[in-house]
Amino acid sequence: NIWKAIVRSVFFESLCSFMILANCCSMGVQAHEEVMPTLSDGFLTALKIGEHVFTAFFLLELLMRLRAYGLKPFQPSSGAGCWNFVDAFLVMVTGVLLNWIIPLINMVLSNNPLDGQFL
Numbered sequence: 058n059i060w061k062a063i064v065r066s067v068f069f070e071s072l073c074s075f076m077i078l079a080n081c082c083s084m085g086v087q088a089h090e091e092v093m094p095t096l097s098d099g100f101l102t103a104l105k106i107g108e109h110v111f112t113a114f115f116l117l118e119l120l121m122r123l124r125a126y127g128l129k130p131f132q133p134s135s136g137a138g139c140w141n142f143v144d145a146f147l148v149m150v151t152g153v154l155l156n157w158i159i160p161l162i163n164m165v166l167s168n169n170p171l172d173g174q175f176l
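For the sequence shown, this note's numbering assigns the number 58 to the initial residue and increments by one for each residue that follows.
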């Protein structure tokens, strides 16, 4: 199966690890900005765009792993399945739901749909 070969490759695993680390750094900068606002508007926009890039990447990773392994490894009945389930839950809730779906619904339902809330 080509999908298993891809998601098991050293390159793919290294890329995923790098993206996790980069996402952690981005979240750290965002948390610091909440406490002590010092960043420029351009940098804040770059962070917001980064959130969308991370969400897209982690969703793609999840879909590739689902294609490679199916649903069974994501069932929380085993130790590894529990961690896979938590990972999928985080991607879908904190990524897709909070970054894409809720802001999109808010943008559609607001009086001014082009006010930049999606970014």
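Every residue gets a Cβ at the ideal spot worked out from N, C-alpha and C, and that includes glycine.
Predicted model only: the values in this text are computed from it and were never measured.
Classify Leu161: buried if its beta carbon has 16 or more other beta carbons within 10 angstroms, exposed otherwise. exposed
Does Thr95 come out as helix, strand or coil in the three-state DSSP assignment? coil
Whose CA, out of Tyr126, Phe115 and Ile77, lies closest to the CA of Ile59? Tyr126
Measuring only the C-alpha atoms, how far is Trp140 from Met149? 14 Å
Exercise. Got a sec? Which residues, its chain only, sit under 8 Å from Val86 by beta carbon, not counting five neighbours each side?
Worked result: Leu96 and Leu104
So, with DSSP's three-state summary, where would you put Leu128? coil
Exercise for the section: Would you identify the three-state DSSP class for Pro133, choosing helix, strand or coil? Expected result: coil
Tell me which residue opens and which closes the alpha helix (DSSP H) that Ile53 is part of. In the structure as shown, the chain begins at 58 and stops at 176. Residue 53 is therefore absent and cannot be evaluated.
Requested in this report: Quick one: residues in its chain with C-beta nearer than 6 Å to the C-beta of Gln132, no 5 flanking neighbours on either side, listed in chain order?
Outcome: Gly138
Q.
For Leu119 and Ala145, what's the separation of their Cα atoms in angstroms?
A. 7 Å
Burial state of Gly152 (16 or more Cβ within 10 Å)
buried
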